[in-house]
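Residue numbers (my numbering): 293 to 993.
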């Protein structure tokens, strides 16, 4: 049940994504310029106001959609499904039944139950005839009956070899009817032998399990049924007559009745079809194909390389919305004036995408967007080339959005890029600088200024779509944040532990290309639940006092495990973003508080299988970032128990901790590779060795 529910939710999500893409394609095509149109306007029931219309060529008069739909429904209503008659089933089952009867006879002889050869052969012939009659009538499987939507017609088409025949459905048996028929015939045979005072024969017949050899021999052929039905539907004629060239179609003032309306509609479709060879429909069809190709490439890219984005409805919607808003804005600018096309701040798109995702996705979406715009802008090559170069420069130059000076620097670089590339194109096309349009440099400057809108747009999108920008992560990682101040004051040991975890995890994230700012911020908040009962965690305990000494191991584990749930509650109370809450929930996965579980087993040697009571609620880490924090948390805490901090001891500790978590399946839902795990372990060993390296003992004065 839960599996079906999960599949339904997954399918529903992908259906929503498909609707997003289709709607976006439709909007792009609709608002794009259209060429060509049938020159006459007409309405059913109104007079024809133009001059007399003469057929310019031969064309077919089309049927109305209602007529075609009725013919299609008629074909579906009278269609008989196809079933394959498998004679090998009958042969096989009768052969098996004969062997079965021989084995029963041998058992009867061993049990010294008398049954003559004549009686056995007679019974054998009668029972085999029952099976033969069943298979001759035909046996349908119950699932095949329900699988075919056309079984209510009273007939089916049975294919035997190369011959297809119509069989009446009421003469064919279902499996249940076949069982009943076989039992009835068997009872009749048994009673006939009993009437002849042959009790042994009657007992023999009664013990025969005839139903074991009744198998469906009429198998529903879905492929053939679908193919035949589709062919019949495709063969429906869409026309009901022909208008010849030079024939009068309608005169001025004549009322457009149903017949004239269909002729005019047919002419209109033929006209637009022919016009499309040079103009409107061909252009629209080509545009639709090209736009669809762009969105298809975007989907395939996200499916293969950014599956986590595609699996999120609001993230997918955000990307499509960004592309669509830009396209609409560009179309509006072109509608106002082609001369200000370079004022459109195309580079805002890679800047915003780079802020919330990564450079690779930002570049790809930027490419898709400028290619879509290339369908409607004048001089598309110039537009696409210049904006591609400017977008790449913006992505490379904008490494830290939380530093305000970076955005100003990026805007300057974009202005210089536009200017230099445009100058190069102008010189290449004109051969001199005399005829170059210098006013475009004002547009480039305005474009750079409009790029400053990225800051407020990032804020709006961040709040609307619940994203986390680098600027927000930088603010959250400030130790003066209220929740971190509480952690520092009420659980100082946990605060220091969180700092060490942040340092370890941040370096590991940098090494494997994960979001190091997100990892560092998540590390700082992962243990905030310890604020509630700080004294139950060893890093916050005074020397010589441990409240767990007075508690049952089960109760102790409850205090330890609850810091996850209490941390989530505190995070929601302080309105932390959900990606940060994920670190609180996943930093222990569904591991077991083994220290207290072992203590519990030692105190209760006769009890076992109680791990669930000592397990964290989870979930397990589901991203590289959450997995790194889980590793760093366990390694940092365990490193404080080492008797000596030699390189070998530290390396053995890191290997053991991560190996245990890996074998426990804690990384099964993350995209970590073996190389990533190896690199993370190397970073941990190096950082811990630096932290605990030996120091010189200074002599006392």
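Glycine included, every Cβ here is placed at the ideal spot set by N, Cα and C. Quantities reported herein were computed from a predicted structural model and do not represent experimental measurements.
Problem set entry | Cross-strand partners of residue 473 (DSSP beta bridge) | Residue 473 pairs with nothing; no bridge assigned.
Exercise. Residue 261 and residue 448 look like a contact to me (Cβ under 8 Å); what is the Cβ gap, rounded to whole Å?
Worked result: Residue 261 lies beyond the range of the chain shown here (293 to 993); nothing can be said about it.
Problem set entry | Touching by the beta-carbon criterion (3+ pairs, under 8 Å), the segment 769-788 and the segment 910-927 | With the cut-off at 8 Å, the segment 769-788 and the segment 910-927 do not touch.
Problem set entry | Spatial distance of residue 847 from residue 905 (CA atoms) | Cα-Cα distance, rounded: 10 Å.
Problem set entry | Collapsed DSSP secondary structure at residue 827 in the structure displayed | Note: residue 827 maps to helix in three-state DSSP.
For this session: Provide the residue span of the beta strand (DSSP E) that contains residue 743, from first to last.
Result: It is not in any beta strand (DSSP E) - residue 743 carries neither H nor E in the DSSP assignment.
Exercise. Between the segment 583-595 and the segment 312-325, do at least 3 Cβ pairs fall closer than 8 Å?
Worked result: Counting Cβ pairs under 8 Å, three or more are found: they touch.
For this session: Can you give me the Cβ contacts of residue 773 inside the same chain, cut-off strictly under 7 Å, excluding the 5 residues immediately before and after it?
Result: Counting only Cβ-Cβ distances below 7 Å, and skipping sequence neighbours, we find nothing.
Problem set entry | Inter-stretch contact at 8 Å, needing at least 3 Cβ pairs: the segment 343-355 / the segment 484-500 | As far as the Cβ criterion goes, the segment 343-355 does not touch the segment 484-500, which means the pair count is below three.
For this session: Less than 8 Å between the CB atoms is what I'm expecting for residue 800 and residue 812, so what's the real figure, rounded?
Result: Going by Cβ atoms, the distance from residue 800 to residue 812 rounds to 11 Å, so no, they are not a contact pair.
Exercise. In angstroms, rounded to a whole number, what distance separates the CA positions of residue 815 and residue 809?
Worked result: It is roughly 10 Å from the alpha-carbon of residue 815 to the alpha-carbon of residue 809.
Exercise. Which residues mark the beginning and the end of the beta strand (DSSP E) in which residue 531 is found?
Worked result: Note, residue 531: beta strand (DSSP E), 531-535.
Exercise. Exposed or buried, what is residue 318 when buried is set at 16 or more other beta-carbons lying within 10 Å of its beta-carbon?
Worked result: It counts as exposed.
For this session: Have a look at 668, 667 and 611 and flag the residue whose alpha-carbon is nearest the alpha-carbon of residue 656.
Result: The option with the nearest alpha carbon to residue 656 is 611.
Problem set entry | Residues bridged to residue 339 (per DSSP) | BP columns for residue 339 point to 547.
Exercise. Can you name the residues that DSSP bridges to residue 351?
Worked result: Residue 351 pairs with 535.
For this session: Could you spell out where the alpha helix (DSSP H) holding residue 605 opens and where it closes?
Result: Where residue 605 is concerned, the enclosing alpha helix (DSSP H) stretches over 605-628.
For this session: State the start and end residues of the unbroken alpha helix (DSSP H) segment that holds residue 886.
Result: Per DSSP, the continuous alpha helix (DSSP H) segment holding residue 886 begins and ends at 886-895.
For this session: Going by DSSP, name the residue or residues bridged to residue 367.
Result: By DSSP's assignment, residue 367 forms no beta bridge with any residue.
Problem set entry | Spatial neighbours of residue 360 in its chain, beta-carbon cut-off 8 Å, leaving aside the 5 residues before and after | Contacts found: 528 and 530.
Exercise. Contact between the segment 467-483 and the segment 380-391: three or more CB pairs below 8 Å?
Worked result: No, they do not touch.
Problem set entry | Cα-Cα separation between residue 842 and residue 823, rounded to whole angstroms | Going from the Cα of residue 842 to the Cα of residue 823 covers about 21 Å.
Exercise. DSSP puts residue 458 in a beta bridge; with which residues?
Worked result: According to DSSP, residue 458 bridges with 449.
Problem set entry | Cutoff 6 Å; reference residue 652; Cβ partners in own chain excluding five residues on either side | A distance below 6 Å between beta-carbons, with the five flanking residues on each side excluded, links residue 652 to no residue of its chain.
Problem set entry | Alpha-carbon to alpha-carbon, residue 736 and residue 307 | Roughly 41 Å separates the two Cα atoms.
Exercise. Could you give the residue range of the alpha helix (DSSP H) that holds residue 656?
Worked result: Element bounds for residue 656: 651-665.
Problem set entry | Contact between the segment 764-780 and the segment 731-748 (3+ Cβ pairs under 8 Å) | Counting C-beta pairs closer than 8 Å gives fewer than three between the segment 764-780 and the segment 731-748, which falls short of the contact rule.
Exercise. What residues match up with residue 377 in a beta bridge as DSSP calls it?
Worked result: BP columns for residue 377 point to 510.
Exercise. Should the segment 698-710 be called in touch with the segment 606-624, which here means at least 3 C-beta pairs below 8 Å?
Worked result: Too few Cβ pairs lie closer than 8 Å, so no.
Exercise. Could you give the distance in angstroms between the alpha-carbon of residue 249 and the alpha-carbon of residue 902?
Worked result: Because residue 249 is not part of the residues shown, which for the chain are 293 to 993, the question remains open.
Problem set entry | Simplified DSSP state of residue 438, which is helix, strand or coil | Because the pLDDT at residue 438 is just 48, under 50, the model does not fix this residue reliably, and the value given afterwards should be weighed accordingly. It is helical.
For this session: Quick one: using the 10 Å Cβ neighbour count with 16 as the cut-off for buried, is residue 446 buried or exposed?
Result: By the 10 Å Cβ count, residue 446 comes out exposed.
Exercise. Quick one: Cα of residue 790 to Cα of residue 960, how far?
Worked result: Going by the C-alpha atoms only, they are around 25 Å apart.
Exercise. To the nearest angstrom, how far is it from the Cα of residue 826 to the Cα of residue 754?
Worked result: Here the alpha carbon of residue 826 sits roughly 34 Å from the alpha carbon of residue 754.
Problem set entry | Straight-line gap, residue 860 to residue 911 (C-alpha atoms, nearest Å) | Here the alpha carbon of residue 860 sits roughly 13 Å from the alpha carbon of residue 911.
Exercise. Near residue 648, which residues of its chain fall below 7 Å by C-beta distance, leaving aside the five closest residues on each side in sequence?
Worked result: The residues are 759 and 761.
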